[in-house]
Amino acid sequence: MSEKLILIDGHSILNRAFYGVPDLTNAEGIHTNAMYGFLNILFKFLDEEKPDYITVAFDLSAPTFRHKVFDGYKGTRKPMQPELKQQVPLMKELLKAMNITVVEQEGYEADDILGTIAKESAAKGIDVSIVSGDRDLLQLADEHIKIRIPKTKKGVTEVEDYYPSDVFNLYGVTPHEFIDVKALMGDTSDNIPGAPGVGPKTASAIIQKYHSLDNVFEHLCELKPPKAKISITENVEQIKMSRFLSEIKIDVPIDYKVEDSKAGDFFNENSYELFKKYNFKNMLKKFENTDIIAKDPECYEYFKKISDFADVENVFNKAVDIAGGIEKIGLSIVRENELIAVGITLSDTEIYYIPVSGFVTESYLADRLSDVVSVASNRNIASANIKDYLDIFEKDKINGYPLVSEKAFIDTAIAAYLLHPSNESYDYESLGREFLSLTYPSKTELLGKLSINKAVNEAEDNLIKYACLSSYAYYKCADKITEQLKSENMYELFETIEMPLIFVLFEMQQQGISVDKQALVDYSKVLGTKISVLEKEIYEAAGEEFNINSPKQLGVILFERLGMPNGKKTKSGYSTAADVLEKLAPDYPVVSKILEYRQLAKLKSTYADGLTQYISEDGRIHGTFNQTITATGRISSTEPNLQNIPIRMEMGKAIRKVFVPKDGFVFLDADYSQIELRILAHMSGDEKLIEAYNSSADIHRATAAQVFGVPLEEVTDEQRRNAKAVNFGIIYGMSSFGLSQDLSISRKEAKEYIERYFASYPTIKTFIDGLVSDAKEKGYSLTMYNRRREIPEIKSSNFMQRSFGERVAMNAPIQGTAADIIKLAMINVYNALKEHNLRSRLILQVHDELLVETAEDEVDTVKQIMLDGMKNAVSLKVPLEVDLKEGKDWLEAH
DNA sequence: TTAATCACG
DNA sequence: ACGTACGTGATTAAC
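Residue numbers (my numbering): 46 to 939.
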């Protein structure tokens, strides 16, 4: 077996990776997608070929000998995108860290280096594979040199391999003749002229016949077709030059010895650091069998399962001692329906797994955990997703509220969320990576698809690792996260808003909301009947039966069978979205029916039928409120989503009616009036807007009066509507296109509205410009309470991405501040209800709205509590107005 | 699993 | 010239 060398065309592969991999950035905002893609391709070839040697060649930006011959060489090439350009030096650094030879040579291109090394190595009897995206390299193919071109099809990388025979089969010429083909046909991307009018077909036909340019020139008069004959005859010198430009050098003077480019030792400490820095998570696995990572979880040796009752007692006694002081413990609860085990870390060397078994019963464990929690008041208990486990610590309660102090905990997931609200996960694995620079095995790696209950029996060792490791990660991260929150001025946000909010959300989830199941079932039937009537009518109009729920089938019916004028919109065909259909509705009655069908189908599937499955035995829906999902700081609601229950459409309102208070209670529902615009007024300090809020009840009317220069009472409905849309636009990050869509007007008109608005409110203009430039400078935006949102897109060179970043920079501080304020209000209301010892409970939040299930005899008190809690959550330069209503169902109360 | 659609603020 | 309003989650169809 002869030895193998892999040669990689650095720029070509990096370029290919850049366009093939969606934009990625690491925590510092460095773009990493091209590097990531490059490495993927690299590893693929390494795995496949297991080469003895490896080398990567790069171009230098300096002019090469080809530029000296032809000034316009590569002259039409666009400059490299900055996101790609910044990755080039980093990629070289990465390769060097992996002990991969990087070659570049002034005056020459990577192709020439590759050619030289390939031929020299092949001469030494080494088998060479050249990896490139560029077909120009095919001329280098020979019996010992294979050209390998990776292609990405549907996310899967496939490779086209070229030996000389493959080149011949495809192009009918030998690799060497390929140079002459290119000389004739030219190359637009390199700006090589060739013979004008001669394309790839003609060029290869000619070379197939004559085999070399010299021979072609000798037979000029017999050339066919006539067009090529003329072109070639007239451009002999240009073709010769083109050939010179096209031929890859194989004798570049370089200081390179293949023996010095041994493949191996890719995964070392240097490369590990860089992989971590660039957040190449799944590639870190490659380091697993090296001693770099093997030594990482040094905590493993201290993991200990404890079942002996006396030992367990000792651990908890010690935990109580620690948690009652100022030191921390790490806590991980393992639960699936029932409590199964806890992982608990007392120090670097005391890491325990305590399963429920024998005398260690579930209730014993819960009691002892409560003991630990009840003595803690200095954020001694580091854990994650505390809300999900608060019920365990509920041993002592007052009026139904857990006695546990919020100051007992530090929730690492929530803390990590504040630092990077756009991350997708804040589990122990991510924490380890970010705060400890350690790569822990993930939950999936340890437990796979096993349920916890199964894992207890089938993979206990891994379950022990999981429980111990996560508690250890919380323990180790807590101080670092705290430190970082403090240095970023976010600790106050964490302490005064997010941590207390956990308890509010917990209580809301516990309470749930009562739903009239029978009403829901009845309504589902009504909807079902209406839907089948519409269905029949639609089939009749269409002339055939089809699945109306399938946008694909519907598109075919509407735009092909019924021949409606179509605007192709989506990737995979016609758009049948509501705004498209609404334009067609006046001309085609069936379209209105489809819209109605869609509306009813949605109501039935998502709400009437969808909600019933969430009704618990107590007749209530206990949804989940998530505190670490949104990029802006809002909370989100799942299983079910109680924040998108219908209200706008008439048919949908019936759904709201099924949400009812329990016997002896009523709903009190309060919502902020235009909180986001008020925040805008406050943050910008715009006197006119502030004045408008201080004097007028109708801000959109006031805006219209200001913008159109008419007295308040003369504002037309249309003017008010437009002003309202512009106000929304401001909050969303104004764009003329968006506004024009919303108002169904031209972009030009929309632009005029915006200009008029900014002319009327110059301070607002200055303010939002400031938001954008601040975000551009810092890479993130901030709310009034220092909530951060990272906006890497704002530095993109891609217009669309950058524009998006700019809109986010305008919106996030406003939407985020509103989120901060209502969170404060929730805490206020929760605390007041608790302090007054009331039976009434806060049960829902819908972004600017709070719903309290109120005992009938507490209505007056609660009204006051809600108004106070919401209006006085913060003092702005404008009043915070709250609309409060009482009702026997959610529709009536809203 | 992803794309399209639509419910809410 | 680029092609969009900001933030979510559930359902369905179709790969």
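Each residue gets a CB set at the ideal place from its N, CA and C atoms; glycine is no exception. A quick note: this is a predicted structure, and the numbers were derived from the prediction, not measured.
Contact check, residue i vs residue j, beta carbons under 8 angstroms
{"i": "Leu-889", "j": "Leu-629", "result": "no"}
{"i": "Leu-648", "j": "Gly-697", "result": "yes"}
{"i": "Ile-809", "j": "Ser-781", "result": "no"}
{"i": "Asp-401", "j": "Val-365", "result": "Residue 401 is actually Val in this sequence, not Asp. Taking 8 angstroms as the Cβ cut-off, Val-401 and Val-365 do not qualify as a contacting pair."}
{"i": "Ile-509", "j": "Lys-307", "result": "no"}
{"i": "Val-566", "j": "Thr-657", "result": "yes"}
{"i": "Gly-678", "j": "Gly-914", "result": "no"}
{"i": "Glu-451", "j": "Phe-548", "result": "yes"}
{"i": "Phe-454", "j": "Ile-437", "result": "no"}
{"i": "Ala-653", "j": "Ile-692", "result": "no"}
{"i": "Ala-870", "j": "Leu-895", "result": "yes"}
{"i": "Leu-463", "j": "Leu-414", "result": "no"}
{"i": "Lys-562", "j": "Gly-668", "result": "no"}
With 16 other Cβ atoms within 10 Å as the buried cut-off, status of residue i
{"i": "Val-817", "result": "buried"}
{"i": "Ile-192", "result": "buried"}
{"i": "Val-578", "result": "exposed"}
{"i": "Lys-196", "result": "exposed"}
{"i": "Asp-30", "result": "There is simply no residue 30 to check, as the chain begins at 46 and stops at 939 in what is shown."}
{"i": "Gly-477", "result": "buried"}
{"i": "Leu-448", "result": "exposed"}
{"i": "Asp-905", "result": "exposed"}
{"i": "Asp-456", "result": "buried"}
{"i": "Asn-767", "result": "buried"}
{"i": "Pro-67", "result": "exposed"}
{"i": "Glu-543", "result": "buried"}
{"i": "Asn-856", "result": "buried"}
{"i": "Phe-404", "result": "exposed"}
{"i": "Gly-388", "result": "buried"}
{"i": "Val-635", "result": "buried"}
Pick from the options that is closest to residue i, judged by C-alpha positions
{"i": "Tyr-208", "options": "Val-173, Ile-224, Ala-240, Met-230", "result": "Val-173"}
{"i": "Leu-925", "options": "Lys-933, Lys-916, Lys-349", "result": "Lys-916"}
{"i": "Ile-51", "options": "Leu-59, Thr-219, His-76, Asp-92", "result": "Asp-92"}
{"i": "Ile-872", "options": "Ala-421, Pro-241, Asn-236, Glu-540", "result": "Glu-540"}
{"i": "Ile-299", "options": "Ser-47, Glu-151, Asn-144", "result": "Glu-151"}
{"i": "Glu-94", "options": "Gly-309, Asp-181, Lys-123", "result": "Gly-309"}
{"i": "Pro-594", "options": "Pro-610, Phe-604, Ala-622, Ser-617", "result": "Reading the sequence as shown, one finds Asn at residue 594 and not Pro. The shortest Cα separation from Asn-594 among Pro-610, Phe-604, Ala-622, Ser-617 belongs to Ala-622."}
{"i": "Met-230", "options": "Arg-288, Asn-214, Phe-404", "result": "Arg-288"}
{"i": "Asn-423", "options": "Ile-371, Leu-435, Leu-376", "result": "Ile-371"}
{"i": "Lys-123", "options": "Phe-90, Asn-60, Leu-159", "result": "Asn-60"}
Cα-Cα separation, residue i to residue j
{"i": "Val-703", "j": "Lys-879", "result": "27 angstroms"}
{"i": "Tyr-717", "j": "Ser-920", "result": "14 angstroms"}
{"i": "Met-136", "j": "Gly-557", "result": "53 angstroms"}
{"i": "Lys-141", "j": "Glu-318", "result": "13 angstroms"}
{"i": "Asp-341", "j": "Glu-333", "result": "Here the model assigns Asp-341 a pLDDT of 48, short of 50, so the residue's position is not dependable, and the following value carries that caveat. In a straight line, the C-alpha of Asp-341 is about 10 angstroms away from that of Glu-333."}
{"i": "Arg-737", "j": "Tyr-802", "result": "The residue asked about is misnamed: residue 737 is Ala in this sequence, not Arg. For Ala-737 and Tyr-802, the distance between alpha carbons rounds to 14 angstroms."}
{"i": "Ala-339", "j": "Thr-121", "result": "Bear in mind that the predicted position of Ala-339 carries a pLDDT of just 49, short of 50, making it too unreliable to give a figure here."}
{"i": "Tyr-517", "j": "Thr-394", "result": "10 angstroms"}
{"i": "Glu-732", "j": "Ile-775", "result": "17 angstroms"}
{"i": "Tyr-446", "j": "Glu-898", "result": "16 angstroms"}
{"i": "Ala-461", "j": "Tyr-471", "result": "6 angstroms"}
{"i": "Ala-770", "j": "Arg-884", "result": "42 angstroms"}
{"i": "Val-923", "j": "Glu-552", "result": "32 angstroms"}
{"i": "Lys-432", "j": "Ala-458", "result": "11 angstroms"}
{"i": "Glu-605", "j": "Val-625", "result": "15 angstroms"}
{"i": "Ala-863", "j": "Ala-715", "result": "15 angstroms"}
{"i": "Lys-199", "j": "Leu-139", "result": "At Lys-199, the pLDDT of 45 sits below 50, so the modelled position is not reliable; the number obtained from the coordinates is stated separately. If I take the Cα positions, the gap works out to 27 angstroms."}
{"i": "Ala-355", "j": "Asn-362", "result": "10 angstroms"}
{"i": "Tyr-397", "j": "Tyr-345", "result": "11 angstroms"}
Would the stretch 293-304 and the stretch 268-285 be scored as touching if the rule is three or more Cβ pairs under 8 angstroms? The stretch 293-304 is not in contact with the stretch 268-285.
Can at least three beta-carbon pairs, one atom from the stretch 157-169 and one from the stretch 124-139, be found at a separation below 8 angstroms? Contact annotation: the stretch 157-169 does not touch the stretch 124-139, with fewer than three C-beta pairs closer than 8 angstroms.
Taking 8 angstroms as the cut-off, does the stretch 246-265 touch the stretch 206-225 (at least 3 CB pairs, one atom from each stretch)? Judged by Cβ distances under 8 angstroms, the stretch 206-225 makes contact with the stretch 246-265, as three or more pairs qualify.
Would the stretch 98-111 count as touching the stretch 51-71 if we require 3 or more Cβ pairs under 8 angstroms? Because the criterion of three Cβ pairs below 8 angstroms is met, the stretch 98-111 and the stretch 51-71 touch.
Does the stretch 324-332 touch the stretch 76-91, meaning 3 or more C-beta pairs lie closer than 8 angstroms? Here the stretch 76-91 makes contact with the stretch 324-332; the two share three or more CB pairs at distances below 8 angstroms.
Three or more C-beta pairs under 8 angstroms: does that hold for the stretch 849-869 against the stretch 473-488? No, they do not touch.
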